[in-house]
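Step one of this worksheet: look at the structure below.
Numbering (my numbering), first residue to last: 590 to 700.
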């Protein structure tokens, strides 16, 4: 069920049923355990009103991931400008962040 209709359904159930419910003045725990509508309201509440809990990576964590990927690509033989394009950053930023983490290796020369 989509969020808005489920919220409307939640409020309608609460309005229609809870006014005349025998568990109205008892604890909410007892209502949830014994009343069918109370159980349904609880599940609707969990689904409709829960907030999205997206974990947002800090810039340092993002760069840690990018640097790990860059090192593995460098070991496979890619050059830093190509790696920067692949991971989606500027070459100078990649050099700076790799240098911070002491992961900057000199480019391989063709001799």
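A virtual CB, placed ideally from N, CA and C, is assigned to each residue, including glycine.
Asked, Found
"Considering Cα atoms alone, identify which of 691, 690, 669, 674 is closest to residue 698.", "669"
"Am I right that residue 672 and residue 663 are in contact with their C-beta atoms under 8 Å? What's the rounded C-beta distance?", "6 Å"
"Whose C-beta lies closer than 7 Å to the C-beta of residue 680 among residues of the same chain, with five residues either side of it excluded?", "669, 670, 673"
"Answer yes or no: do residue 656 and residue 630 have a C-beta to C-beta separation smaller than 8 Å?", "no"
"Contact check, residue 633 vs residue 606 under 8 Å by CB: the rounded distance?", "Going by Cβ atoms, the distance from residue 633 to residue 606 rounds to 12 Å, so no, they are not a contact pair."
"Mind pulling the alpha helix (DSSP H) runs of 4 or more residues that sit fully within the region 641 to 692?", "648 to 664, 669 to 676, 680 to 689"
"If you draw a straight line from the alpha carbon of residue 660 to that of residue 692, how long is it in whole angstroms?", "7 Å"
"Going straight from the alpha carbon of residue 613 to that of residue 628, what length do you get?", "14 Å"
"Going by C-alpha to C-alpha distance, which of 600, 682, 603 sits closest to residue 648?", "682"
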